[in-house]
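Report on one structure; see the data block that follows.
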Amino acid sequence: MSNMLQSNQNAMASGQMIVRRLRPVFAFLTIVIVLIAVWEGYKALGAATGNKVPFTGFELPIRSDDTSMPHVWDIFQALFRPARRGGEDVLLIILTKSALFTWREAALGFVVGSVIGFALGVAFVHSTLLEQGFMPYVVASQTVPLLAIAPMIVIWGSRLNWPTWGSVSIISAYLTFFPVTINTLRGLRSPDPTAVELMRSYAATKWEVLWKLRVPAALPYIVTALKVSATASVIGAIVGELPSGVAEGLGRALLTFMYYYVSGPEKLFASILFAALLGILFVSLIVQIERRVIPATRRLDE
Amino acid sequence: MNENNPVVSIQGATKVFNEGGTDRVQAVKDVELEVYPGEFVTLIGPSGCGKSTLLRLIGDLITPTSGGVKVNGKHSKQARIDRDYGMVFQDATLYDWRTVNKNVQLPLEVMGYSHDDREKRAAKMLRLVQLEEFANHYPWQLSGGMQQRVAIARALAFEPAILLMDEPFGALDEMTRERMQLELLNIWGQTSTTVIFVTHSIPEAVFLSSRVVVMSARPGRIHAIIDIDLPRPRGFETREDPRFFERLTEVRECLRAGESGKSHVEGYK
Ligand SMILES: Nc1ncnc2c1ncn2[C@@H]1O[C@H](COP(=O)(O)OP(=O)(O)O)[C@@H](O)[C@H]1O
Ligand SMILES: [Mg+2]
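Taken in order, these protein sequences are the chains called A and B.
Residue numbers for the first sequence follow the numbering used here, beginning at -12 and rising by one.
Residue numbers for the second sequence follow the numbering used here, beginning at 10 and rising by one.
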């Protein structure tokens, strides 16, 4: 009797486990379905009222015809048709290759940017002079438009004989390092004064205080920054591709399909979806790593 | 007792915070105090009277504005570098990414003990504070009293000559507090540590101490020093001893006199 109860409870517990595991998947699917419904609903509304806001004479802000807003189903179908007339690869293959190419640029930029961002945070926490001297420039660097920086980096990179995609990585790193610097600094400063005094009472060196106290305390902050940076690195890579003449990435694909928009609007929307998906996947990768390294009680969000 | 040389000798220690600012505070003024080997000395006084400041001066966590602290004839800074101090604060200040065992090993890691030595000492200390079963727990999985016991184990792990404790039981409930006091005396009896202990609880001061140092506020100075000659080992029956109540009254009256600013002639040496 009690055994049955036990196994019943076990079954319930493992059932709950599965539900908990799948919850993010359900959430994601729900969001996708809602977005599709809104998209198609808007189109249906536009078709019914002749692109007017119901019961008024006002035009809808976006036209709802199939050129401005292709059907979701058409976008999906376009993935399995050759992207160019007479071309061999279907759009899905082309976009997947482009996304992988862009991800390589973004990943390298992400790593370089994170290391630089972390190093700056460590430097600033140890020297108020450095912080006061450089922090304004670090902040200012993010107000300079990326489109102004990108050509410069591409030109310098080509003089140094870097592969062009390497220059794109640097552009991506430029967007990545900032959140890491800010959050690393906050995290390194997060320990209580008494936690630092404890180290002082052991006559610990700055190096020991850094690695045994400040960095472990900063980890949750740093990982949070990495999630922001992962998205930023993808944006940096896509935007960086535009002026650099890289032919293989998502940025170039976006540009091309925008150019040929009228003949195939679905292709542009498909590339936009891929760009978004790339960002989402990169962030989920970081979240997975966070789950491994940081115990639940120490995670900053969730 | 006074025939040995003092372990800690505080000579005219004065601390002024924010000198020259509008928020200038004279936290401690002209403190003279000698603490002898194996003593249990308690600093007591109203909140804000400079107890923590004095303790932090002794431990060289802050530097005095004038005067100084000598430990076995050394400057307090040298004593800190020689790892003569173990510190326990009001909040246990455990590092929450480390297990109990690893928290106790923290000072040993910093001080370069070998892996085996660290494990051995940590195990011994956890046995001393009766937390062996919790070695692999994380701090948030422990009650406040248990966390404080870990903090004590951590402070004792490298066998410092002097244990500095700043209201270590201040955040605990009365029952836990009395049990912890008993345990602390137990541990103190088993080690040859000299303890300087800050509290604002009169019974706690009387129960634990060999001497109670009564401080008065603004600026913080020593108002009186009271010998607590209750027999040891102390236990539950100590709290029911008439002499215990006599000492309580004596400390309470000293505190009141200190607050009203009158000097307590006979107590101050
Ligand atoms: N770091 C500091 N900066 C400025 N003032 C301080 C600092 N630390 C303590 N004080 C002041 O010194 C006085 C004594 O403080 P403290 O030693 O913490 O008192 P207690 O521990 O007896 O409550 C208080 O008035 C407090 O505001
Ligand atoms: Mg205090």
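Ideal Cβ positions, reconstructed from N, Cα and C, are used throughout, including at glycine.
A contact is defined here as three or more CB-CB pairs under 8 Å, and the stretch 213 to 224 of chain A meets this definition with respect to the stretch 151 to 159 of chain A.
Chain order gives no chain A residues near Val78(B), where near means a beta carbon separation below 8 Å; the closest approach is about 14 Å. Within the model, the alpha-carbon separation for Leu103(B) versus Asn112(B) is close to 6 Å. Secondary structure of Thr203(B) (DSSP, three-state): strand. Looking only at Glu255(B), Asp175(B) and Asn195(B), the smallest Cα-Cα distance to Leu63(B) is reached by Asp175(B).
Using a Cβ distance threshold of 8 Å, Val44(B) and Thr258(B) do not count as a contacting pair.
Cβ contact annotation for Thr23(B) (same chain, cutoff 7 Å, sequence separation greater than five): Val37, Lys38, Asp39, Pro73, Thr74, Ser75 and Gly76, in chain order.
The beta carbon of Asp105(B) sits closer than 8 Å to some beta carbon of chain A. At least one heavy atom of ligand 1 lies closer than 7 Å to the C-beta of Ala36(B).
For Asp100(B), the closest Cβ of chain A is nearer than 8 Å. Three or more beta-carbon pairs separated by less than 8 Å link the stretch 248 to 265 of chain B to the stretch 207 to 214 of chain B, which places the two stretches in contact. The CB of Leu200(A) comes closer than 8 Å to the CB of Tyr104 in chain B, given here in chain order. The beta-carbon distance between Val77(A) and Phe67(A), rounded to whole angstroms, is 5 Å. This is short enough to meet the 8 Å contact definition. For Pro116(B), the C-beta contacts it makes with chain A under 8 Å involve Tyr189, in order along the chain. By the CB criterion at 8 Å, Ile19(B) and Leu42(B) fall inside the cutoff.
Against Glu228(A), chain B offers no close residue; the least beta-carbon distance is about 40 Å (beta-carbon pairs closer than 7 Å). DSSP places Arg227(B) in the coil class of the three-state scheme, outside both helix and strand. Neighbours of Asp179(A) in chain B, taken as residues whose beta carbon is under 8 Å from its own, are Asp100 and Thr102 in chain order.
Taken atom to atom, the span from the alpha-carbon of His232(B) to that of Lys79(B) is near 21 Å. A direct Cα-Cα distance of roughly 14 Å separates Thr51(B) from Asp238(B). Interface with chain B (8 Å Cβ-Cβ cutoff): Ala205(A) is excluded. By the rule that beta-carbons nearer than 8 Å mark a contact, Trp149(B) touches chain A. Residues of chain A whose Cβ lies closer than 7 Å to the Cβ of Tyr94(B) are, in chain order, Ser188.
The beta carbon of Gly153(B) sits no closer than 8 Å to any beta carbon of chain A. Distance between Tyr247(A) and Phe256(A), taken at the CA atoms: about 12 Å. The alpha helix (DSSP H) runs of length 4 or more contained entirely in the stretch 13 to 89 of chain B are, from start to end of the chain, 60 to 67. The beta carbon of Glu118(B) sits closer than 8 Å to those of Arg127, all from its chain and outside the five residues before and after it, given in chain order. Between Phe165(A) and Gln119(A), the C-beta spacing is not below 8 Å.
In this structure, the C-beta of Thr51(B) stays at least 7 Å away from each heavy atom of ligand 1. The three-state secondary structure of Arg220(B), taken from DSSP, is strand. Spatial neighbours of Tyr208(A) in its own chain (CB-CB distance under 6 Å, excluding positions within 5 residues in sequence) are listed in chain order as Asn170, Arg173 and Gly174.
Phe216(B) is positioned such that its CB atom lies closer than 8 Å to that of Arg248(B).
Apart from the 5 residues on each side of it in sequence, Val270(A) sits with its Cβ closer than 8 Å to the Cβ of Lys214, Ala217 and Thr218 in its chain, given in chain order. CA-CA distance, Arg241(B) to Arg89(B), rounds to 31 Å. Residue contact check for Leu181(B) against chain A: no CB pair falls below 8 Å. In summary, Lys129(B) is exposed, with fewer than 16 beta-carbon neighbours lying within 10 Å of its beta-carbon over all protein chains present.
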